[in-house]
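Asks: By my numbering, the letter at position 110 of the sequence shown is numbered 351, and the numbering carries on one by one without gaps.
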Amino acid sequence: MPTASPTPAKSLLNPQDHTLILIDHQSQMAFATKSIATEMLRNNTALVAKAAAGFKVSTILTTVAEKSFSGPIFSEITEAFPDAPLLDRTSMNTWEDRQVTDQINAIGKGRLVFAGLWTGVCIVAPVLSAIEQGFEAYVITDACGDISEEAHERAVQRMLQAGARPMTSLQYLLELQRDWARGDTYEMTTGIARVNGGAYGIGITYAKSMFNASEGGH
242 MPTASPTPAK SLLNPQDHTL ILIDHQSQMA FATKSIATEM LRNNTALVAK
292 AAAGFKVSTI LTTVAEKSFS GPIFSEITEA FPDAPLLDRT SMNTWEDRQV
342 TDQINAIGKG RLVFAGLWTG VCIVAPVLSA IEQGFEAYVI TDACGDISEE
392 AHERAVQRML QAGARPMTSL QYLLELQRDW ARGDTYEMTT GIARVNGGAY
442 GIGITYAKSM FNASEGGH
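1) Does the count of Cβ pairs from the region 294-309 and the region 324-332 closer than 8 Å reach three?
2) Output yes or no for whether 9 Å exceeds the beta carbon distance between alanine 290 and isoleucine 264.
3) Quick one: what's serine 299 bridged to in DSSP?
4) In the structure shown, what three-state DSSP assignment does glutamine 444 receive?
5) By the 10 Å Cβ neighbour count, where 16 or more other Cβ atoms means buried, how is glutamine 402 classified, buried or exposed?
6) Return yes when the Cβ of glutamine 267 is within less than 9 Å of the Cβ of phenylalanine 315, no when it is not.
7) Give the straight-line distance between the Cα atoms of leucine 353 and isoleucine 262, rounded to the nearest whole angstrom.
8) Could you pull the start and end residues of the beta strand (DSSP E) that glutamate 210 belongs to?
9) Since lysine 275 and isoleucine 388 should fall inside the 8 Å C-beta cutoff, what is the C-beta to C-beta distance between them, to a whole number of angstroms?
10) Work out the CA separation of alanine 273 and alanine 294 for me, nearest whole Å.
11) Please report how far the alpha carbon of threonine 260 lies from the alpha carbon of glutamate 337, in whole angstroms.
12) Given that a residue counts as buried once 16 or more other Cβ atoms are within 10 Å of its Cβ, and exposed if not, what is glycine 361?
13) Buried or exposed for alanine 250, going by 16 or more other Cβ atoms inside 10 Å?
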């Protein structure tokens, strides 16, 4: 019989063990996205960007044909990373752009977390490419979207079959915090959740306002 110990699974993310890659959260791509409401997509993307910036996760921002066609990325991303370079590409597959893979190699982490538009093109391609080259790949599925629910779901299934690990935006934030006793990031985490955490965020505000309650007794 195995022995239980208070040790987290190695497959759980922490702020130091991965690189986040946000791909093509751009106006033109969002216009045709139908698998998720645009306001929900922007909210979830904001949650992910704020979490990564707050926990100082190494992050790569990349766009496709920003000036000539696809337009600027969501302001929620640039507000979280005001000084980060935007790696603009011509290739639909991020992995086929050397400036992106050079940045991944320079950071030097074998675990990658992806989110972006569209799931069936600009996320599937780099995820499959990364896995084939020996990287671990996670996909924040509710910070991705495609031209239909069918397109999004088939893309997610295809990535799972290849070994990718799915998660949600709120799950990403809470996995980085993981323990409410971590006081240095407690206020930041709950602050992000209040603004972008949906009903959970409303619950935090309610508990604090009505009972001065908080997660973990803070």
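C-beta atoms are modelled at their ideal positions from N, C-alpha and C, and glycine is treated no differently. Given the structure is predicted, the values throughout are model-derived calculations rather than measurements.
Replies: With the given structure in hand:
1) yes
2) On the sequence shown, position 49 is the one that residue 290 refers to. On the sequence shown, position 23 is the one that residue 264 refers to. Not in contact: alanine 290 and isoleucine 264 (Cβ atoms no closer than 9 Å).
3) Counting from one through the sequence shown, the residue named residue 299 turns up at place 58. Its beta-bridge partners are Thr260.
4) Here residue 444 refers to the residue found at position 203 of the sequence shown. The sequence shown places glycine at residue 444, rather than the glutamine named in the question. Reduced to three states, the DSSP call for glycine 444 is helix.
5) For the purposes of this step, residue 402 is taken as the residue at position 161 of the sequence shown. Glutamine 402 comes out exposed.
6) Against the sequence shown, residue 315 aligns to sequence position 74. Against the sequence shown, residue 267 aligns to sequence position 26. It is a contact, given that the beta carbons lie within the stated cut-off.
7) Within the sequence shown, residue 353 is the residue found at index 112, counting from 1. Within the sequence shown, residue 262 is the residue found at index 21, counting from 1. Cα to Cα, the separation comes out at about 7 Å.
8) Not covered by the structure: residue 210. The range shown for the chain is 242 to 459.
9) Translated into positions along the sequence shown, residue 275 becomes position 34. Translated into positions along the sequence shown, residue 388 becomes position 147. Confirmed, Cβ separation roughly 6 Å.
10) Along the sequence shown, one-based indexing puts residue 294 at 53. Along the sequence shown, one-based indexing puts residue 273 at 32. In a straight line, the C-alpha of alanine 294 is about 28 Å away from that of alanine 273.
11) Translated into positions along the sequence shown, residue 260 becomes position 19. Translated into positions along the sequence shown, residue 337 becomes position 96. Looking at the two C-alpha atoms, the distance is approximately 18 Å.
12) Against the sequence shown, residue 361 aligns to sequence position 120. With 16 or more other Cβ atoms within 10 Å, it is buried.
13) Within the sequence shown, the letter at position 9 stands for residue 250. Exposed.
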